[in-house]
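Residue numbers (this note's numbering): 37 to 436.
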RNA sequence: GGGUAGGUGGCGGAGCGGUCAAUCGCAGCAGACUGUAAAUCUGCCGACUUCGGUCUACGGGGGUUCGAAUCCCUCCCUGCCCA
């Protein structure tokens, strides 16, 4: 059937997939010959917050699931103890079973809009790699390790970089690719989706699977959410992330705060718009309009189109026209009689009183549009319902 | 095991007895300009403060000194070279 081919090619060529091992053509052939393949993607579930990069991967996996393939979300609860070698020194704290379970519940809640968990015919599966990794004996680990050479390990760019930079590499970090590789063996998967930074690990898995089970595993390397201009990844610490567990309003704002050069990546990987339409949007006169559309698309996916519509209006009024819609602002309750300093800290608009002081001194704090200059300003009931604004982004209606 | 160079704020990296809450760069915050983008400019960037100050900080501990991030002892950690 030609329609199937078109579907498959769309997935393979959209741009999300960067590289396929051993080759795109072999993978395509297997996708088209009617067999049901087992896909998996691994997550480090140490943090309960997901961002769009996770979303992108899950959206891709969902496409394969819809084609009828089996998909597994693997939570690396065991590998999380080491952490993928990124430069951090020591073994990470082991998460308790409860913490892992809580994280998984939280994850599912956040990705529910992206994947049909309750599909009766082909539900996605969730697994944990402690299931097999925690059981390996030292002997088995040795055997595993005997299949990979130090030279091969040193090929990994991260290790190479660290050697060049004179940074330590701990021996246990070498085990990370082995463990991740063993996941493939334990689950006997046909394909692994991974970020391009994980290709090495995934390929180790390919080697192991071939050796132990005489099975060909495809490695599908997926683009990273990397700023094409600066090379920075979307990250929390740089404040460039778009997080999935936020309100529609915050998400809208986070998208609008994205650099222009991120738009194409986000459109292609995180929306369902056609490449043609994306191309047209990116050519529009004011990049801001394309970004508004992007924000609306994404908020629609994670919340609803009605909410997205409303948030767009809110955004335009509040930030473009600088009107404040009083009824529509988040309420923050504070204690009557608090000083402005205490209140700013209490509602999270300042990190400390010192920080709050600075913000006031610098003219960043206003109440109902009037700048506050007095640090000793007292907030009491007569200000109930007034709008407190700190900087551009922090707006709240204060209630007592 | 031997030698050698190091461990400073979110990161990079100065300082090597007082004037160090610690030069500078990045990141961050506030303001101006804007499209909650970028670039640019200005100011800020440990905490508390009755704005006089006070407290906590330069791997850990101990010491010398009126005074230590800076000197000494000891412990821990890391790179590199040799074995």
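From the three backbone atoms N, C-alpha and C, an ideal C-beta is built for every residue, glycine too. No experiment lies behind these values; they were computed from the predicted model shown.
Q. Do residue 161 and residue 108 have their C-beta atoms within less than 9 Å of each other?
A. Locating residue 161 in the first chain gives position 125, counting from the first residue. Locating residue 108 in the first chain gives position 72, counting from the first residue. Against a cut-off of 9 Å, the Cβ pair of residue 108 and residue 161 comes out as a contact.
**Q.** Own chain, CB closer than 7 Å to residue 98, minus 5 neighbours either side, in chain order
**A.** Against the first chain, residue 98 aligns to sequence position 62. Excluding residues up to 5 positions away in sequence, 150, 151 lie with their Cβ nearer than 7 Å to the Cβ of residue 98 in the same chain.
Q) When you compare each of 235, 229, 234, 224 to residue 245 by their alpha carbons, which one comes out closest? A) Mapped onto the first chain, residue 245 falls at position 209. The candidate whose alpha carbon is nearest that of residue 245 is 224.
Q.
Measuring only the C-alpha atoms, how far is residue 83 from residue 146?
A. As a first step, residue 83 is located in the first chain; it is residue number 47 there, counting from the start. As a first step, residue 146 is located in the first chain; it is residue number 110 there, counting from the start. The C-alpha of residue 83 lies about 13 Å from the C-alpha of residue 146.
**Q.** Supposed contact pair residue 389 and residue 381 - C-beta distance, whole angstroms, cut 8 Å
**A.** Here residue 381 is taken as the residue at index 345 of the first chain, counted from 1. Here residue 389 is taken as the residue at index 353 of the first chain, counted from 1. In this structure residue 381 is in contact with residue 389, their Cβ atoms being roughly 6 Å apart against a cut-off of 8 Å.
Q) From 49, 74, 144, pick the residue whose C-alpha is nearest to that of residue 81; which is it? A) As a working mapping, residue 81 is identified with position 45 in the first chain. Restricting attention to 49, 74, 144, the CA atom closest to the CA of residue 81 is found in 144.
Q.
Between the alpha carbons of residue 199 and residue 374, how many angstroms are there, rounded?
A. The residue you call residue 199 lines up with position 163 of the first chain. The residue you call residue 374 lines up with position 338 of the first chain. Each residue's CA atom was taken as its position, placing residue 199 and residue 374 some 54 Å apart.
Q. So what does DSSP say about residue 437, is it helix, strand or coil?
A. An answer regarding residue 437 cannot be provided, because it is not within the stretch 37 to 436 covered by the chain.
**Q.** Residues near residue 56 in its chain [Cβ-Cβ closer than 6 Å; skip 5 each side]
**A.** Translated into the one-based positions of the first chain, residue 56 becomes position 20. Excluding sequence neighbours, residue 56 sits near 63, 256.
Q | Distance between residue 228 and residue 249 (C-alpha atoms, nearest Å) | A | For the purposes of this step, residue 249 is taken as the residue at position 213 of the first chain. For the purposes of this step, residue 228 is taken as the residue at position 192 of the first chain. Approximately 16 Å, taken between the alpha carbons.
Q) Candidates 285, 309, 262, 283: which alpha carbon is nearest residue 296's? A) Counting from 1 along the first chain, the entry for residue 296 is found at position 260. Nearest Cα to residue 296 within the set 285, 309, 262, 283: 262.
Q) Among 185, 419, 304, 404, which has the Cα closest to the Cα of residue 358? A) Indexing the first chain from 1 puts residue 358 at position 322. The candidate whose alpha carbon is nearest that of residue 358 is 404.
Q.
Spatial neighbours of residue 126 within its chain, please: C-beta separation below 8 Å, excluding the five flanking residues on both sides.
A. Within the first chain, the letter at position 90 stands for residue 126. Legend: pLDDT at residue 126 = 44, less than 50; position of this residue unreliable, no value from coordinates given.
Q: Can you grab the Cα-Cα spacing for the pair residue 208 / residue 189, in whole Å?
A: The count along the first chain starts at 1 and reaches residue 208 at position 172. The count along the first chain starts at 1 and reaches residue 189 at position 153. Going from the Cα of residue 208 to the Cα of residue 189 covers about 12 Å.
Q: Please list the segments of the beta strand (DSSP E) lying wholly inside the region 381-433, counting only runs of 3 or more residues, in order along the chain.
A: Taken in chain order, the unbroken stretches of beta strand (DSSP E) that lie wholly in the region 381-433 and span 3 residues or more are 401-403, 423-426.
**Q.** Other residues of its chain near residue 219: CB distance less than 7 Å, five sequence neighbours each side excluded
**A.** Taking the first residue of the first chain as 1, we reach residue 219 at position 183. Its chain contains 78, 110, 165, 241 as the residues whose beta carbon lies nearer than 7 Å to that of residue 219, once the 5 sequence neighbours on both sides are disregarded; these appear in chain order.
Q) So what's residue 355 in DSSP terms, helix, strand or just coil? A) Position 319 of the first chain, counted from the first residue, corresponds to residue 355. Under the three-state reduction of DSSP output, residue 355 falls in the helix class.
Q.
List, from N- to C-terminal side, the beta strand (DSSP E) runs of 3 residues or more that fit wholly inside the region 214-279.
A. Listed in chain order, the complete beta strand (DSSP E) runs (minimum 3 residues) inside the region 214-279 are 227-231, 254-258.
(Q) If contacts are defined as beta-carbon pairs under 8 Å, then residue 435 and residue 421 qualify, I think. What distance do you get, rounded to the angstrom? (A) Your numbering for residue 435 matches position 399 in the first chain. Your numbering for residue 421 matches position 385 in the first chain. Confirmed, about 7 Å.
Q) Which of helix, strand or coil does DSSP assign to residue 436? A) Taking the first chain and counting its residues from 1, the one referred to as residue 436 is at position 400. The answer is coil: DSSP assigns residue 436 none of H, G, I, E or B.
Q: With DSSP as the reference, label residue 61 as helix, strand or coil.
A: One-based indexing of the first chain puts residue 61 at position 25. Correct three-state label for residue 61: helix.
Q. Bridge partners of residue 44, per DSSP?
A. Residue mapping note: residue 44 aligns to position 8 of the first chain, counting from 1. According to DSSP, which records beta bridges pairwise, residue 44 is partnered with nothing at all.
Q | Expected contact under 8 Å - CB spacing of residue 183 and residue 212 to nearest Å | A | For the purposes of this step, residue 183 is taken as residue 147 along the first chain, with counting starting at 1. For the purposes of this step, residue 212 is taken as residue 176 along the first chain, with counting starting at 1. With a Cβ gap of about 15 Å, residue 183 and residue 212 do not count as contacting.
**Q.** residue 78 in three-state terms, based on DSSP
**A.** Residue mapping note: residue 78 aligns to position 42 of the first chain, counting from 1. Strand.
Q: Express the C-alpha separation of residue 67 and residue 254 in angstroms, rounding to a whole number.
A: One-based indexing of the first chain puts residue 254 at position 218. One-based indexing of the first chain puts residue 67 at position 31. Approximately 11 Å, taken between the alpha carbons.
Q | Supposed close pair residue 75, residue 226 - CB separation, criterion 8 Å | A | Position 39 of the first chain holds residue 75. Position 190 of the first chain holds residue 226. At roughly 7 Å, the Cβ-Cβ gap stays under 8 Å, so residue 75 and residue 226 are in contact.
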